[in-house]
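Be aware that the sequence shown starts at 2, since it is given in the numbering used here, and climbs by one per residue. Notes follow the structure.
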Amino acid sequence: LFRLYYSALTPTGSLLGGLARGRWIGSVVAVLLWSLDLGLDKRTLKDRKYRVVSSNMDPLFHVNQNDGILYVSRKIDREEICERTSTCILNLKTVLENPLEVHYIGVEVLDINDHFPIFPEKEKTLEISESVLPGVRIPLKASRDPDGGPFSVQHYKLSPNEYFRLEVKDKGDDGKIPILIVQKPLDRESVASHSLVLTAVDGGKPPKSGEMHIVVNVVDINDNAPVFAKDVYSVSLDENSPVGTTVIQVNATDLDEGPNGDVVYSFSNSVSNRLLKIFDINPSTGEIIVKGLLDYEEKDKYEIEVEASDKGLAILTTEKGVIIKIADMNDNAPEIEVTSFSSSIPEDSRPGTTVALISVNDLDSGLNGKVICSVGEDVPFALSPSIQDKIYSLVTKSPLDREKQSHYDITITAKDTGQPPLSSEKTVSVVVSDVNDNSPEFSLSPYTFYVTEANEPGASVFSVQAFDRDENENAHISYHILRNGHDDNKLTSFLIVGVIDFEEKKSYEIDIQASDKGSIPLSTDKTVIIKVVDLNDNPPEIEVTSFSKSVPEDSRTGTTVALISVTDLDSDLNGKCSLTGGGHLRRYGDRFWPFVQY
Numbered sequence: 002l003f004r005l006y007y008s009a010l011t012p013t014g015s016l017l018g019g020l021a022r023g024r025w026i027g028s029v030v031a032v033l034l035w036s037l038d039l040g041l042d043k044r045t046l047k048d049r050k051y052r053v054v055s056s057n058m059d060p061l062f063h064v065n066q067n068d069g070i071l072y073v074s075r076k077i078d079r080e081e082i083c084e085r086t087s088t089c090i091l092n093l094k095t096v097l098e099n100p101l102e103v104h105y106i107g108v109e110v111l112d113i114n115d116h117f118p119i120f121p122e123k124e125k126t127l128e129i130s131e132s133v134l135p136g137v138r139i140p141l142k143a144s145r146d147p148d149g150g151p152f153s154v155q156h157y158k159l160s161p162n163e164y165f166r167l168e169v170k171d172k173g174d175d176g177k178i179p180i181l182i183v184q185k186p187l188d189r190e191s192v193a194s195h196s197l198v199l200t201a202v203d204g205g206k207p208p209k210s211g212e213m214h215i216v217v218n219v220v221d222i223n224d225n226a227p228v229f230a231k232d233v234y235s236v237s238l239d240e241n242s243p244v245g246t247t248v249i250q251v252n253a254t255d256l257d258e259g260p261n262g263d264v265v266y267s268f269s270n271s272v273s274n275r276l277l278k279i280f281d282i283n284p285s286t287g288e289i290i291v292k293g294l295l296d297y298e299e300k301d302k303y304e305i306e307v308e309a310s311d312k313g314l315a316i317l318t319t320e321k322g323v324i325i326k327i328a329d330m331n332d333n334a335p336e337i338e339v340t341s342f343s344s345s346i347p348e349d350s351r352p353g354t355t356v357a358l359i360s361v362n363d364l365d366s367g368l369n370g371k372v373i374c375s376v377g378e379d380v381p382f383a384l385s386p387s388i389q390d391k392i393y394s395l396v397t398k399s400p401l402d403r404e405k406q407s408h409y410d411i412t413i414t415a416k417d418t419g420q421p422p423l424s425s426e427k428t429v430s431v432v433v434s435d436v437n438d439n440s441p442e443f444s445l446s447p448y449t450f451y452v453t454e455a456n457e458p459g460a461s462v463f464s465v466q467a468f469d470r471d472e473n474e475n476a477h478i479s480y481h482i483l484r485n486g487h488d489d490n491k492l493t494s495f496l497i498v499g500v501i502d503f504e505e506k507k508s509y510e511i512d513i514q515a516s517d518k519g520s521i522p523l524s525t526d527k528t529v530i531i532k533v534v535d536l537n538d539n540p541p542e543i544e545v546t547s548f549s550k551s552v553p554e555d556s557r558t559g560t561t562v563a564l565i566s567v568t569d570l571d572s573d574l575n576g577k578c579s580l581t582g583g584g585h586l587r588r589y590g591d592r593f594w595p596f597v598q599y
C-alpha cells in the first residue's frame with residue numbers, strides 16, 4: 002500500500018492514496034486532482050511536460066501527462082528500498098514547464114506480510130557432551146523476517162521431545178533470540194543423535210513461518226564398561242587338541258564410541274602362571290587358543306577369568322569367567338594291580354577260594370575308563386567282581402590237582418570300552434601246594450618173586466618199589482611187613498631170615514604196606530607171592546617090598562618077585578628117577594617098578 006504526500010514551491014497540499022507493494026507495472030498509484038489540490042488544469046499537463054524527475058535510471062513511478070495519474074513503473078519491494086526501517090517514504094520530484102513549477106510528492110510504502118521468517122542456516126549441527134547437566138543453555142541464531150512490525154518474527158516453537166526445551170530472549174532491535182536448554186540427562190548409548198525442528202512464526206494473518214533443522218550429536222564420554230555377549234562361557238575341549246587350536250571366542254561390546262568403545266581382551270591377573278602356559282588369548286579378537294599340552298587325567302576343568310577393557314583415558318574393565326571342560330580321550334590303557342594272599346594255594350582248595358585281589362584302574366573317564374577284566378578259559382581260575390567297582394577276586398573255579406599241574410601262569414587281561422579300546426595284561430603266578438591226597442602206588446601188581454631153596458639166611462630175596470604222586474613228606478615212603486595186623490619190620494628190601502625148603506613149603510604170601518609221611522599218613526597194602534624154586538637137593542629113596550622070601554624054580558618068566566618103590570622129594574626133573582640093576586625092571590606108575598623073573 003502507498004500513502005501519498007505532496008508539497009510544492011507554489012501552493013502545497015496533501016493527497017493520500019495507496020497501492021499494494023509489488024503492484025504490477027502500470028498500476029495506478031493516485032489520481033492527481035490538480036484543479037483541486039494544485040490549482041492546475043490537467044489539460045495543460047501535457048503541454049507543460051508534467052513529469053517525475055528521478056536520478057535513477059529505472060524510476061519507480063511515472064505520470065501520465067494526459068490525465069495526471071501516477072503509475073508504478075516497476076515492481077516495488079518495501080524491504081529492498083527501505084531495509085530495516087519502520088516507515089518507508091519515497092520522495093518524488095515532479096516538474097512542470099512554462100512556467101516552471103516543482104512539486105514534491107511523498108509516497109509512503111506500507112508493509113504487507115509477504116516474507117517468511119528465514120534462519121541463517123537451514124540445518125544446524127550441535128555437538129553436546131553426554132556429560133552435560135540439565136539446565137545447560139545453548140543460544141541459537143535468530144530467524145530474520147524482512148517484514149517489519151507485527152509481520153516480523155513474533156515467537157519460536159520447538160518440536161516435541163523429552164530432552165530439550167526452548168526459551169526465547171527478546172533483544173529489542175536484534176530481535177528475539179532462541180535458546181536451547183537441556184532438560185534431561187543425555188545418554189549417547191541410548192540416543193546418539195537428536196533431530197529437532199525449530200520454527201519461527203511471524204505475526205501475519207495468516208502467519209508465515211520458517212524452519213531450521215537442528216541435529217544434536219551427543220558426544221561420547223567413557224561412561225560404559227565393556228559388556229560380554231554371554232552370561233556364561235563354557236566349552237568342551239578334547240584333551241589331545243594340538244597347540245594353536247581355538248578353544249572359544251569371547252565377545253564384548255562397549256556402547257561408547259571411538260577409543261572409549263574399542264575393546265581389548267586379556268587374562269585376569271588372578272590367572273596362574275601354570276594356566277598361562279596352557280592357554281593364550283588374542284587381545285583383538287578374544288579368541289582363546291591352546292598354548293600347551295592338555296591332559297584330562299591331570300585336570301579335567303579350567304576356569305579362566307577373562308578381562309575386556311576399553312581404551313578410554315580412564316580405562317573401564319569387565320571380567321567374565323570362562324569354563325573349559327576337558328573332554329576325555331581314550332589315551333590311557335588300564336592299569337592292573339595284584340595283591341596275592343599267598344605264594345601258593347593248597348590243591349584241595351574248594352572252588353571259589355580266593356587266590357588274589359585284582360584291582361584295575363583307568364585314568365580315562367566314561368566308556369574310556371570302563372574296564373572289563375578277564376582270564377583265559379584254559380585255567381581253573383576265574384575273576385569274581387566285588388562290591389567295590391574295579392576290584393575283582395581271582396578265585397578257583399574247579400578243583401586243583403597238583404599232581405597234574407603244579408604251577409599256573411595266569412594272564413589277566415584288562416580292556417577298556419573306548420574306541421578304539423586299549424588293553425593291558427598282567428601275569429599272576431600261582432603255585433599249587435601239595436596235600437597228602439595220594440596213597441603210595443606199587444610199581445607192579447601182583448608181586449611174584451622166585452627164590453631158590455638153597456639160599457642162606459640173610460640173603461636178599463627181593464625188593465618192592467612204590468611211588469607217591471605227592472611231594473616232600475607226603476611222598477616219602479616206608480615199607481612194612483604185616484603180620485597179624487601189626488608192623489613186623491620196616492624194610493626197603495626183603496632178606497631170608499630162616500631156612501627155605503621147597504620140599505617143606507613151595508610158596509609164601511607176605512602182606513606188605515607202603516606208607517607215606519603225611520600229617521595224616523596214607524598207605525597201600527600189597528600181597529607178595531614168593532615161590533620157592535626147587536633144587537636137586539634130595540637123593541632118591543628106594544623101598545623094596547618082596548612078595549616072598551623064595552621064588553619057586555618053576556616060576557614063569559615075568560613072575561613078579563618084589564615091588565621096588567623109588568621116591569625123590571625134589572620136583573620135576575629133580576624128582577624123576579631111573580632104576581638100574583640085575584634082573585628085569587618094569588615101570589609101574591610114577592614111583593614103582595616091579596622086579597620080575599625072565
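No residue lacks a Cβ here, since even glycine has one placed at the ideal position from N, Cα and C. No experiment lies behind these values; they were computed from the predicted model shown.
First and last residue of the uninterrupted alpha helix (DSSP H) at residue 80: Taking the sequence shown and counting its residues from 1, the one referred to as residue 80 is at position 79. Residue 80 -> alpha helix (DSSP H) spans 79-82.
Local conformation of residue 189 per DSSP, three classes: By one-based count along the sequence shown, residue 189 stands at place 188. Reduced to three states, the DSSP call for residue 189 is coil.
Inter-residue Cα distance where the pair is residue 437 and residue 520: Residue mapping note: residue 437 aligns to position 436 of the sequence shown, counting from 1. Residue mapping note: residue 520 aligns to position 519 of the sequence shown, counting from 1. About 8 Å.
The region 139-152 in contact with the region 115-127 per 3-pair CB rule at 8 Å: Short answer: they touch.
Euclidean distance between Cα positions of residue 415 and residue 382: The sequence position of residue 415 within the sequence shown is 414, counting from 1. The sequence position of residue 382 within the sequence shown is 381, counting from 1. A straight-line Cα-Cα distance of about 16 Å links residue 415 and residue 382.
Simplified DSSP state of residue 140, which is helix, strand or coil: Taking the sequence shown and counting its residues from 1, the one referred to as residue 140 is at position 139. DSSP places residue 140 in the strand class (E or B) of the three-state scheme.
Close-in-space but distant-in-sequence residues of the same chain around residue 11 (CB under 6 Å, 5 per side omitted): Here residue 11 is taken as the residue at index 10 of the sequence shown, counted from 1. Note that residue 11 scores a pLDDT of 38, beneath 50, so its modelled location is shaky; the value from the coordinates is reported in the next line. Sequence-distant partners of residue 11 (beyond 5 residues in either direction) whose C-beta falls short of 6 Å from its own C-beta, in its chain, are 102.
Residue 226 in three-state terms, based on DSSP: For this step, residue 226 is matched to residue 225 along the sequence shown. Residue 226 falls in the coil class under three-state DSSP.
Collapsed DSSP secondary structure at residue 362 in the structure displayed: Residue 362 sits at position 361 when you count from the first residue of the sequence shown. Strand.
Cβ pair residue 330, residue 239 closer than 8 Å: On the sequence shown, residue 330 is found 329 positions in, with the first residue counted as 1. On the sequence shown, residue 239 is found 238 positions in, with the first residue counted as 1. Their beta carbons are under 8 Å apart, which means residue 330 touches residue 239 by this criterion.
Residue 274, enclosing alpha helix (DSSP H) - first and last residue: Locating residue 274 in the sequence shown gives position 273, counting from the first residue. Unbroken alpha helix (DSSP H) run through residue 274: 274-277.
Delimiting residues of the beta strand (DSSP E) encompassing residue 211: Sequence index remark: in the sequence shown, residue 211 carries index 210 (1-based). Per DSSP, residue 211 belongs to the beta strand (DSSP E) from 210-220.
Proximity to residue 532 [Cα-Cα], best of 472, 468 and 454: The residue you call residue 532 lines up with position 531 of the sequence shown. Checked all of 472, 468 and 454; the closest Cα to residue 532 is 454.
Coarse secondary structure for residue 44, derived from DSSP in three states: One-based indexing of the sequence shown puts residue 44 at position 43. Residue 44: helix per DSSP, three-state reduction.
Beta-ladder partner(s) of residue 512, from DSSP: Counting from one through the sequence shown, the residue named residue 512 turns up at place 511. The partner list for residue 512 (beta bridge, DSSP) reads 483 and 528.
Unbroken stretches of the beta strand (DSSP E), 3 residues or longer, contained in the region 49-76: If only complete runs of 3 or more residues are kept, the region 49-76 shows the beta strand (DSSP E) at 52-54, 62-64 and 70-73, in order along the chain.
Simplified DSSP state of residue 368, which is helix, strand or coil: Counting from 1 along the sequence shown, the entry for residue 368 is found at position 367. The answer is helix: DSSP assigns residue 368 an H, G or I state.
Start and end residues, beta strand (DSSP E) containing residue 250: By 1-based counting over the sequence shown, the position of residue 250 is 249. If you look at residue 250, you'll find it in the beta strand (DSSP E) that goes 247-250.
Residue 477 - containing beta strand (DSSP E), residue span: By 1-based counting over the sequence shown, the position of residue 477 is 476. Run containing residue 477: none; DSSP gives neither H nor E here.
Residues near residue 296 in its chain [Cβ-Cβ closer than 7 Å; skip 5 each side]: In the sequence shown, residue 296 corresponds to position 295, counting from 1. Around residue 296: 240.
Backbone CA spacing between residue 618 and residue 220 [nearest angstrom]: A question about residue 618 goes unanswered here, because the residues of the chain that appear run from 2 up to 599.
Outcome for residue 469 when other beta-carbon atoms lying within 10 angstroms are tallied against a minimum of 16: Sequence index remark: in the sequence shown, residue 469 carries index 468 (1-based). Under this definition residue 469 is a buried residue.
The region 396-412 touching the region 423-441, judged by at least three CB pairs closer than 8 Å: Taking 8 Å as the limit for Cβ pairs, the verdict is that the region 423-441 does touch the region 396-412.
Proximity of residue 542 and residue 568 at Cβ, strictly below 8 Å: Translated into positions along the sequence shown, residue 542 becomes position 541. Translated into positions along the sequence shown, residue 568 becomes position 567. Yes. Within cutoff.
Euclidean distance between Cα positions of residue 440 and residue 526: Your numbering for residue 440 matches position 439 in the sequence shown. Your numbering for residue 526 matches position 525 in the sequence shown. Between residue 440 and residue 526, the C-alpha separation is close to 10 Å.
Given 8 Å, three or more beta-carbon pairs between the region 299-313 and the region 260-267: Between the region 299-313 and the region 260-267 there are three or more C-beta pairs closer than 8 Å, enough to call the two in contact.
Straight-line gap, residue 572 to residue 443 (C-alpha atoms, nearest Å): Translated into positions along the sequence shown, residue 572 becomes position 571. Translated into positions along the sequence shown, residue 443 becomes position 442. Each residue's alpha carbon lies about 33 Å from the other.
Nearest-angstrom beta carbon gap, residue 396 and residue 355 [assumed within contact, 8 Å]: Translated into positions along the sequence shown, residue 355 becomes position 354. Translated into positions along the sequence shown, residue 396 becomes position 395. Confirmed, Cβ separation roughly 5 Å.
Backbone CA spacing between residue 282 and residue 124 [nearest angstrom]: Numbered from 1 along the sequence shown, position 281 holds the residue referred to as residue 282. Numbered from 1 along the sequence shown, position 123 holds the residue referred to as residue 124. Whole-angstrom Cα-Cα distance: 47 Å.
Helix, strand or coil at residue 473 according to DSSP, with G and I counted as helix: As a first step, residue 473 must be located in the sequence shown, where it is residue number 472. In this structure, DSSP gives residue 473 a helical state, which the three-state scheme calls helix.
Test item: CB-CB of residue 148 and residue 80 under 8 Å: Looking up residue 148 in the sequence shown gives position 147. Looking up residue 80 in the sequence shown gives position 79. Yes, the pair counts as a contact, with Cβ atoms nearer than the cut-off.
Residue closest to residue 503, alpha-carbon to alpha-carbon, out of 529, 71, 173 and 452: For the purposes of this step, residue 503 is taken as the residue at position 502 of the sequence shown. That would be 452, whose Cα lies nearest to the Cα of residue 503.
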